[in-house]
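Residue numbers (the numbering used here), protein chains in the order written: chain A, 1432 to 1767; chain B, 181 to 511.
Backbone N, C-alpha and C define an ideal beta-carbon position, used for all residues, glycine too.
Just below is one structure, and these are the notes that go with it.
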Amino acid sequence: MTDTRIEPVDPSLIAKSDTPARPKRQGNRFLQTTRRLFMNRGAGIGVIVIVLLFAFAFLGPLVSPWQYSQIDYTAFTRPPSATHWFGTNGIGQDVFSQTARGMQKSLLIGLLVAVFSTAIAAITGAAAGYFGGWVDRIVMFFVDMLLVLPSFLIIAIISPRIQNAGWIVLVVLITLFGWMITARVVRSMTLSVKEREFVRAARYMGIGPFRIIFRHVLPNVASFLIIDGTIQVATAVLGETTLSYFGFGVQSPDVSLGTLIAQNQDNALTSPWLFYFAAGALVVFAIAANLIGDGLRDALDPTSTTGKREKRNRRRDQNQAAVDVAALNTQAGSGA
Amino acid sequence: MVASMIRFLARRFVYYVVLVFLATSLTYFLASATFSPRSVYAQRNPAPSAQVIDAKLDDIGVNDKTPVVIRYGHWLDGVVHGDLGQTIQDRSVNDQFFPRLGVSLRLLVVGSIAGIVLGVLVGVWNAIRQYKISDRVSAAISIVLFSTPVFLTAVILKISATKLNQDAGSQLINFTGEATPGLDGSAWTLLVDRGAHLLLPTISIALGLIAIYSRYQRATMLDVLGSDFLRTARAKGLTRGRATFKHGLRTALIPMTTLFAYGFLGILTGATLTEQIFAWNGLGSWFIDAVNGNDVNVVTAYTLFAAVVVLISGFLADVATAALDPRVRRA
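Written as C-alpha cells, this is what we have:
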C-alpha cells in the first residue's frame, strides 16, 4: 500500500490529444459529455434523483409549514398524515422538516468536502508527480502516514472538543483525511503526462512549472478529477453521517441524517416512519451519486465501450490505476 | 531470487514501522492536546482537592501541568517495555487490552476473510457469466450495499433480527454482546453461543466487502479473460476451468492485493462501529468509550493496534503481490 514505484496508469483516463484542449472545444466536449451521460440509463436516473433530493433538501423547508425544531404539542409519534407529511417523532417534531434539514446539512458537508479534497489532491498530486525528488517524497510520505491513520479515529478524537466551532470544522476534518488516494492517482497520471511532447515544448519555451501544472497537467487529468469528485460527495456524506451517528459529527440541536438515524433506530419497529425516511434518503442519495460517477466514467472516457466485449483487450497492468480508484470507494463503503 | 524478495520485503517492513511510530505519536499528541483528563476527576462528587487530583493524574501520566513532551517520553518508555500505561480509572491498559484484542480479532478475521473470499468468488462468477442475469442482479445488489454505510447495515440487521425474534416469539438470533453473560455449559455450548453472536456483526462487515470486491474482481477478471496468455493456456490443452483458475485468477488477483491492503483500514473502522452497535466488549467499543471519557492512554493504545493491523495487512499484501507476480521478485 505504500508502494512508491511508478504506478501504471490507465491511459484512457488521460485525455488523448497531444495538444492541450482549447477552451472553445471544451464547450463541445461539455455538451458531448452531458449527452453521453444521459444516454447511460443509470446515470440519467441518478441525475434526476439527485435533483429531486436537492429540491427536497433546500425547497422542502420552505414548502413545509413546520420548522425542523418546532414542536407540535397536539401530535406525538403520529404516522404520516396531511398535516405532517412524514409523521412526527416522540416529542412532536415534524419528520419531513427534520429529514429535509438533515439532508441539507449532509449535502452541504458532502459537496464542500468533495470540492476541497479534490482541489488539495489535484495540487499536491500534480506537484509531487511533476517536481519529483524531495517534493515527491514529502508529499508521498504524508499520504502514506495519513493512510495508516484511520480517519474515523482521529476525527472522533478531535471533533467533540471543538464542536462549538460548528459543522465547518467537520468539513475541514473530513477534507483533511479525504485527499490522499486521489493524490496518489493524480501523481501517477502526472508522471505520464509530464513526458508528453506539449509539456516538454512548454518547458523548453521557458514556462514556469506552476503555470505548466495549471495549464497543461491538470486539464489532462480533469476527467479523472470530475469522476472522483462525484464519488467523493457520496463518500463524504456517508462519512459525515457515520460520525454524526456516533455523536462525533453534527451536534444537537442541529440535525443531520446521521443524528436522525441514531435517534430513531430504536423506534424503527413501532413507528417505522421515524427511521426509514432518513435511512432511505441517505441510501438513495449515495446510490444516485455512485450511478452518476459510473456514468461520468463512461461518458468522459474516450475509449469507453460500455456494453461491448472490446474491454477485455486492455492490457492487464492498466488495472492498477482502476484499483487505486477503487480503493477510494472502499472507504466510501465503510463510511469513514 | 529469494534474497532479493526478502530485501524488498525488509525495506517495506522498516518503512511501515516508521509510519506506525509516527501515526501513534501523532495520536498521543492530538489526544493530549484535546482531552481533559482533569475534568473526569474534577466533576466527581464530592470533588477531590487539587493536590489529590494532581497526584492521581501524575500517577496515570496524564497531568496537564507536566509538559506534554515529558509525558510522551514516559509513555514511550513504557510502551518500549511492553506497558501501555494506565486507563483514566488508574487500571492497567494491558490487562484489558488482550482480552478485548481477542474479541476484536475474532470479528475482524472472520469478517474480512468471509468478505474477501466471497467477494472474489462472486466477482469471478460474474466475469465468467458476463451480462447474464446473475451478473446484472449482482451489479444491482452491490451498488445498493455499496451505498449503505456499515453502521446502517448493522442497524438494519439488528432491527430485522428483533422483528424476527418478535414474530417467532423466542430468541432465535442473539445479537447483543459477544457471548451470553453467565452462560454455563460445555466448551461446545460456549463455542456455539459465541458463533451465534458472531453471525450478525460478521454479516454487517462482510456484506459491504463482498459488494466492493466482487465488482473489482469482476473487472480485473474480465481483462484477464481476453488476454493472449489465457488463449495460449487453452491452446496447450488445459480445460477451461483449469486455465481460468490457474492462469486467469492468479493474474487477476495481483491488482486486487493493493485493494485488500487499502481496504483493511475501512474494515477496521467498520469493525469498530459494528462492535459499538452490537455492544461487543472489543477494542473498538473501548475506543469510542475512551474518546467520550477523555482517556488518552486507551485511545493511543487503540491507534497503535489499528496502525499495526494496517501495517500487517499492507505487509501481507506485499507478500501476496510478490508471491503472485514474479516480476516484483525480480525488481
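Residue i CB to nearest chain B CB: under 7 angstroms?
| i | result |
| --- | --- |
| Met1432 (chain A) | Summary for Met1432 (chain A): the model assigns pLDDT 36, below 50, so the residue's position carries little reliability; its value from the coordinates is reported in the next sentence. Chain B contact via Cβ: present. |
| Gln1663 (chain A) | no |
| Thr1606 (chain A) | no |
| Thr1736 (chain A) | The predicted position of Thr1736 (chain A) is uncertain, since its pLDDT is 46 and thus under 50; no value can be drawn from it. |
| Met1636 (chain A) | no |
| Tyr1707 (chain A) | no |
| Val1579 (chain A) | yes |
| Met1470 (chain A) | no |
| Pro1439 (chain A) | Bear in mind that the predicted position of Pro1439 (chain A) carries a pLDDT of just 48, short of 50, making it unreliable; the figure below should be weighed with that in mind. So no, Pro1439 (chain A) is outside the interface. |
| Phe1399 (chain A) | Residue 1399 (chain A) cannot be examined here, being either before or after the span of chain A that is shown, 1432 to 1767. |
| Asn1721 (chain A) | yes |
| Arg1592 (chain A) | yes |
| Phe1583 (chain A) | yes |
| Val1714 (chain A) | yes |
| Met1576 (chain A) | yes |
| Leu1699 (chain A) | The residue asked about is misnamed: residue 1699 (chain A) is Ala in this sequence, not Leu. So yes, Ala1699 (chain A) belongs to the interface. |
| Ile1589 (chain A) | yes |
| Ile1718 (chain A) | yes |
| Gln1696 (chain A) | yes |
| Ala1488 (chain A) | no |
| Ala1710 (chain A) | yes |
Are the C-beta atoms of residue i and some chain A residue less than 7 angstroms apart?
| i | result |
| --- | --- |
| Ile383 (chain B) | no |
| Ala500 (chain B) | no |
| Leu298 (chain B) | no |
| Ala203 (chain B) | yes |
| Thr412 (chain B) | no |
| Ala334 (chain B) | no |
| Ala486 (chain B) | yes |
| Ala211 (chain B) | yes |
| Thr449 (chain B) | yes |
| Val194 (chain B) | no |
| Met185 (chain B) | no |
| Thr483 (chain B) | yes |
| Val198 (chain B) | no |
| Val220 (chain B) | no |
| Val259 (chain B) | no |
| Val232 (chain B) | no |
| Thr369 (chain B) | no |
| Leu445 (chain B) | yes |
| Val490 (chain B) | yes |
| Thr360 (chain B) | no |
Using only alpha-carbon positions, find the residue among the options that is nearest to residue i.
| i | options | result |
| --- | --- | --- |
| Gln269 (chain B) | B:Val220, B:Leu285, B:Thr438 | B:Val220 |
| Ala514 (chain B) | B:Leu380, B:Gly303, B:Ala348, B:Asp234 | With chain B running from 181 to 511 in the structure shown, residue 514 (chain B) is simply not present. |
| Ile1481 (chain A) | A:Leu1727, A:Arg1728, A:Ala1720 | A:Ala1720 |
| Ala497 (chain B) | B:Ala183, B:Ser184, B:Phe188, B:Val182 | B:Phe188 |
| Trp255 (chain B) | B:Leu287, B:Ile296, B:Tyr208 | B:Tyr208 |
| Phe1706 (chain A) | A:Leu1490, A:Ala1488, A:Asn1520 | A:Asn1520 |
| Ile233 (chain B) | B:Ala222, B:Gly241, B:Pro226 | B:Ala222 |
| Val1579 (chain A) | A:Ile1644, A:Met1611, A:Thr1555 | A:Met1611 |
| Pro1492 (chain A) | A:Ile1588, A:Arg1472, A:Gln1529, A:Thr1508 | A:Gln1529 |
| Ile1617 (chain A) | A:Phe1655, A:Ser1702, A:Asp1729, A:Gln1501 | Here residue 1617 (chain A) is Val; the residue named in the question, Ile, does not match the sequence. The shortest C-alpha separation from Val1617 (chain A) is found at A:Phe1655. |
| Val297 (chain B) | B:Val372, B:Gln397, B:Asp257, B:Ala367 | B:Gln397 |
| Trp1598 (chain A) | A:Ala1506, A:Met1620, A:Ser1687, A:His1647 | A:Ser1687 |
| Gly295 (chain B) | B:Val476, B:Val324, B:Leu389 | B:Leu389 |
| Phe1424 (chain A) | B:Thr412, B:Leu371, B:Val198, B:Ala502 | Since the first residue of chain A shown is 1432 and the last is 1767, residue 1424 (chain A) is not available in this structure. |
| Val289 (chain B) | B:Asp403, B:Ile492, B:Arg192, B:Asn354 | B:Ile492 |
Compute the beta-carbon to beta-carbon distance between residue i and residue j, rounded to the nearest angstrom, for a pair I have assumed lies under 8 angstroms.
| i | j | result |
| --- | --- | --- |
| Ala211 (chain B) | Val479 (chain B) | 5 angstroms |
| Arg316 (chain B) | Leu378 (chain B) | With a Cβ gap of about 32 angstroms, Arg316 (chain B) and Leu378 (chain B) do not count as contacting. |
| Ala227 (chain B) | Gly291 (chain B) | Not a contact, Cβ separation roughly 44 angstroms. |
| Gly1533 (chain A) | Ala1709 (chain A) | 6 angstroms |
| Ile1692 (chain A) | Leu453 (chain B) | Actually they do not touch by this definition, with Cβ atoms about 12 angstroms apart. |
| Ile1586 (chain A) | Phe1679 (chain A) | 6 angstroms |
| Thr449 (chain B) | Thr204 (chain B) | That pair is no contact at about 17 angstroms. |
Practice item. Check distances from the C-beta atoms of the segment 340–351 of chain B to those of chain A and list, in chain order, the residues that come in under 8 angstroms. Key: If the cut-off is 8 angstroms between Cβ atoms, the segment 340–351 of chain B has Thr342, Lys343, Gln346 near chain A.
Exercise for review: Anything in the segment 302–330 of chain B with a Cβ closer than 9 angstroms to a Cβ of chain A? List those residues in chain order, please.
Suggested key: Listed in sequence order: Gln310, Tyr311, Ile323, Val324, Leu325, Phe326, Ser327, Thr328, Pro329, Val330.
Exercise for review: Check each residue of the segment 467–480 of chain B: if its Cβ is closer than 8 angstroms to any Cβ of chain A, include it; give the result in chain order.
Suggested key: Of all residues in the segment 467–480 of chain B, the ones placed with a Cβ closer than 8 angstroms to any Cβ belonging to chain A are Phe467, Ile468, Val471, Asn472, Val479, in chain order.
Check your understanding: Is the number of C-beta pairs between the segment 1661–1673 of chain A and the segment 1711–1719 of chain A that are closer than 8 angstroms three or more?
Key -> Between the segment 1661–1673 of chain A and the segment 1711–1719 of chain A, the count of Cβ pairs shorter than 8 angstroms is three or higher; the stretches touch.
Review point. What residues from the segment 1666–1678 of chain A come within 7 angstroms of chain B, judged by C-beta to C-beta, listed N to C?
Key: Within the segment 1666–1678 of chain A, those residues whose Cβ lies closer than 7 angstroms to any Cβ of chain B are, in chain order, Leu1669, Thr1672, Thr1673, Tyr1676, Phe1677.
Check your understanding: Can you find at least 3 beta carbon pairs, one from the segment 271–281 of chain B and one from the segment 345–361 of chain B, that sit closer than 8 angstroms?
Key -> Flag = no, the segment 271–281 of chain B and the segment 345–361 of chain B do not touch.
Check your understanding: Just by C-beta distance, which residues in the segment 239–255 of chain B are closer than 9 angstroms to chain A?
Key -> Listed in sequence order: no entries.
Check your understanding: Is the number of C-beta pairs between the segment 1633–1643 of chain A and the segment 1568–1582 of chain A that are closer than 8 angstroms three or more?
Key -> No: fewer than three Cβ pairs fall under 8 angstroms.
Check your understanding: Are there three or more Cβ pairs, one per stretch, closer than 8 angstroms when the segment 1579–1597 of chain A is compared with the segment 465–484 of chain B?
Key -> The segment 1579–1597 of chain A, when compared against the segment 465–484 of chain B, does touch it at the 8 angstroms Cβ threshold.
Review point. Going along the chain, which residues of the segment 1678–1693 of chain A sit with their C-beta nearer than 7 angstroms to a C-beta in chain B?
Key: Result list: Ile1692.
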